[in-house]
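Asker:
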Amino acid sequence: MRHYVIIGAGVAALSAAQAIRQQDNLAEILMVSDDPFGYYSRPGLAYYLNGEVTEEYLFPFSEKEIQQLNFFRIQDRVTQILPDKRRVLLSSGGGLGYDALLLATGAAAAIPPVQGIELQGVVKLDNLYDARQILSLSRKARRAVVVGGGITALELVEGLCAQGVETHFFLRGDHYWSSVLDEIESRLVETRLIEEGVQIHTHTELSEALGKHGSLEAVRTTRGELIQADILAVAIGIQPRKELADGCGLKTDRGILVNERMQTSCEEIFAAGDVAQVYDPASGKWILDSLWGPAREQGRHAGMNMAGLPALYTKPPAFNVTRLSGLAATIIGAVGRGRSEDEVDIAHGESQAWRDNPDAIVARAEYHVNHLRVIIGKDTLLGAVVMGDQTLSHPLQYLILNHVDITPIRDELIAPGDRLGAILQNFWLNLATTHAA
Amino acid sequence: MLRRFFKQETIKRQVLGTSYVVPDSSRCIQCGICSFNCPIDIDVRRHAWVGEPVKDSRCLTCGECIARCPRAVLRFQQTSLFDAQQAAKEE
Ligand SMILES: Cc1cc2nc3c(=O)[nH]c(=O)nc-3n(C[C@H](O)[C@H](O)[C@H](O)COP(=O)(O)OP(=O)(O)OC[C@H]3O[C@@H](n4cnc5c(N)ncnc54)[C@H](O)[C@@H]3O)c2cc1C
């Protein structure tokens, strides 16, 4: 009987365990996690905060179903990996032996190195414990300050607003999420936030958190402004939890480096999900994603390889559908504008790949609150941002992810005018009819 | 006016008779909003996890899950009446 140890209980861990079980009925699968709540929808935390879903619905599997998957769950923290002995050590003492090990340890919010950051009232949004804490603080809080630039920062703003807390949003630059969105798109989001009563402070940076008796009372900006606040929520980026890998000498960069079998520099140790840095054929670089879909797929591939079934993971163009201040938004492929001033690295729900600014042409169309931007390469579409009406997001998802040749419409696409949507729609319908025929 | 009303009714009936709710799994983040809002407690989210249409004869095709999903994961897809009857038998 083979022994598998999986560190983590997130989506990468769960899908690896399912894949191993499918290959190997007799295997012993141990899943160790330091999160007492086990497996739940991490992106769903945003909707728990704004009241769209209740806590019990964050759990996709019932306790009984988890048991049927037939793996042992251990609530503990792994403190060390001993690759030579094929053992991991636990914080409660003792250890676990393995034939194959998976690191699916995810990523944690980066904490800004400012004074007062340990005060009560300073929060982040990584897990269910954090979400509960924010909800509990919101019941008494009058004012909150949110610092950060990506999806999580915005979800914190929206959640706090929905809980009736007066919310101030600090942005270092002059618009929201400048690494991925262009100015028009940022403005769309900001206008809607302002309508909801959010106070946006551009060119504003946090300098310190001030408190009394261990609790937050105010924050100071680098310009010396003092703002009274009961909550300070930070979402300036994430850091892959790669300490265990560093500690035992695995090859790491910003995450744990893996090959296409999700194998680390040690043959029996695999990594998947937010902690893994995978090769991206599109850019020729090793890339970090913090995306649910890729974490699930990487976990599945890792599981198959661990159980001896060779499976090669090819990184697809990064793709996420999200909601930005109430507007549905799909972001696919390379759409970006480099680095953002508000984030130290990528944040939850993002991909490093979006930030690539390819050598390509941008075409844009706007219809009221709807906005469409496509990045046009030599003969394919390289990326797109679809905000508002999502009709075109499905065709664009297909065209970009499958590298469909768009030369027949390329000239039309880059010609000035606002027919972008219609041209794409027609091309898509033609394509669908030809394929159906 | 009346004609428009009738047209809408016909479309609704067509949807009821011949459509499933179909997920695009690659968009789903398992937040549970669809299952939470289903008036008859179908676990729509599980269908999205396994990538299968909601072929549940109890499904009212009310569209609540489609409308509430924050990620445009779900949509109606026309199926032939025969498929729908077959699915009802399989339940
Ligand atoms: C607020 C928020 C919003 C998001 N929005 C989106 C979105 O819109 N779209 C999207 O695609 N993705 C989104 N994400 C990202 C998505 O949730 C992650 O990509 C995904 O959860 C990664 O899964 P994972 O299994 O790699 O890691 P995780 O789910 O982070 O799981 C890591 C696990 O490792 C355990 N662990 C770590 N270290 C140890 C240790 N030493 N010992 C024991 N256990 C350990 C933890 O307890 C945890 O169980 C969002 C995330 C958050 C927090």
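Residue numbers (our numbering), protein chains in the order written: chain D, 1 to 437; chain E, 1001 to 1091.
C-beta: ideal position from N, C-alpha, C; glycine also.
Pull the bridge partners of D/Phe-71 from the DSSP assignment, please.
Answerer: For D/Phe-71, which the question treats as bridged, DSSP gives no partner whatsoever.
Asker: Quick one: does D/Gly-38 have its CB under 9 Å from some CB of chain E?
Answerer: Not closer than 9 Å to any Cβ of chain E, the Cβ of D/Gly-38 fails to qualify, so no.
Asker: Taking the beta strand (DSSP E) that E/Glu-1052 falls in, what are its first and last residues?
Answerer: Per DSSP, E/Glu-1052 belongs to no beta strand (DSSP E) and is neither H nor E.
Asker: Who are the neighbours of E/Cys-1031 on chain D, taking C-beta pairs under 7 Å?
Answerer: Under the 7 Å cutoff, chain D gives Ser-41, Pro-43, Gly-44, Tyr-47, Val-53.
Asker: Is the closest heavy atom of ligand 1 to the C-beta of D/Val-114 under 8 Å?
Answerer: Every heavy atom of ligand 1 is 8 Å or more from the Cβ of D/Val-114, so no.
Asker: If you drop the 5 nearest sequence neighbours on each side, which residues of the same chain put their C-beta closer than 7 Å to that of D/Gln-390?
Answerer: Within the same chain, D/Gln-390 has close Cβ partners Ala-328, Thr-330.
Asker: What separation, rounded to the nearest whole angstrom, lies between the Cα atoms of D/Arg-192 and D/Tyr-48?
Answerer: Looking at the two C-alpha atoms, the distance is approximately 21 Å.
Asker: Determine the burial state of D/Leu-26: buried for a count of at least 16 other Cβ atoms within 10 Å of its Cβ, exposed for fewer.
Answerer: The residue is exposed, with fewer than 16 neighbouring Cβ atoms inside 10 Å.
Asker: Pull up the DSSP beta-bridge partners for D/Leu-154, would you.
Answerer: According to DSSP, which records beta bridges pairwise, D/Leu-154 is partnered with nothing at all.
Asker: Got a sec: does ligand 3 put a non-hydrogen atom nearer than 8 Å to the Cβ of D/Asp-289?
Answerer: With respect to small molecules bound, the structure shown includes ligand 1 and not ligand 3.
Asker: Could you please tell me which residues of the segment 1045 to 1074 of chain E, in chain order, have their CB closer than 9 Å to any CB of chain D?
Answerer: Listed by position, the residues of the segment 1045 to 1074 of chain E near chain D (Cβ gap below 9 Å) are Arg-1045, Arg-1046, Trp-1049, Arg-1068, Pro-1070, Arg-1071, Ala-1072, Val-1073.
Asker: In the segment 12 to 62 of chain D, which residue ranges form an unbroken beta strand (DSSP E) of at least 3 residues, counting only runs that do not cross its ends?
Answerer: The qualifying runs are 28 to 33.
Asker: By Cβ distance below 6 Å, which residues in the same chain neighbour D/Val-165 in space, the five residues on each side in sequence not counted?
Answerer: Closer than 6 Å at Cβ, skipping near neighbours: Ser-138, Ala-141, Ala-144.
Asker: D/Phe-270 touches chain E at which residues, Cβ-Cβ below 8 Å?
Answerer: Per Cβ cutoff of 8 Å: no residues; D/Phe-270 is ~22 Å from chain E at best.
Asker: Does chain E have any CB closer than 9 Å to the CB of D/Gly-58?
Answerer: In the sequence as displayed, the identity of residue 58 of chain D is Leu instead of Gly. Answer yes: the Cβ-Cβ gap between D/Leu-58 and chain E drops below 9 Å somewhere.
Asker: Would you say D/Asp-280 touches ligand 1, meaning its beta carbon is less than 8 Å from a heavy atom?
Answerer: False, no ligand heavy atom lies under 8 Å from that Cβ.
Asker: Shorter than 8 Å, the distance from the beta carbon of D/Thr-167 to the closest heavy atom of ligand 1, or not?
Answerer: No - ligand 1 has no heavy atom lying nearer than 8 Å to the Cβ of D/Thr-167.
Asker: Hey, is E/Ser-1019's beta-carbon within less than 9 Å of any beta-carbon in chain D?
Answerer: It does not: the Cβ of E/Ser-1019 has no partner Cβ on chain D nearer than 9 Å.
Asker: Mind checking which residues open and close the alpha helix (DSSP H) that includes D/Arg-132?
Answerer: Where D/Arg-132 is concerned, the enclosing alpha helix (DSSP H) stretches over 128 to 140.
Asker: Heavy atom of ligand 1 less than 8 Å from the Cβ of E/Ile-1029, yes or no?
Answerer: Under cutoff, so the answer is yes.
Asker: For D/Arg-223, count the other beta carbons within 10 Å of its own beta carbon; 16 or more makes it buried, fewer makes it exposed. Which is it?
Answerer: The residue in question, D/Arg-223, is exposed, as its Cβ has fewer than 16 Cβ neighbours within 10 Å.
Asker: By DSSP, does D/Leu-160 sit in helix, in strand, or in coil?
Answerer: Note: D/Leu-160 maps to helix in three-state DSSP.
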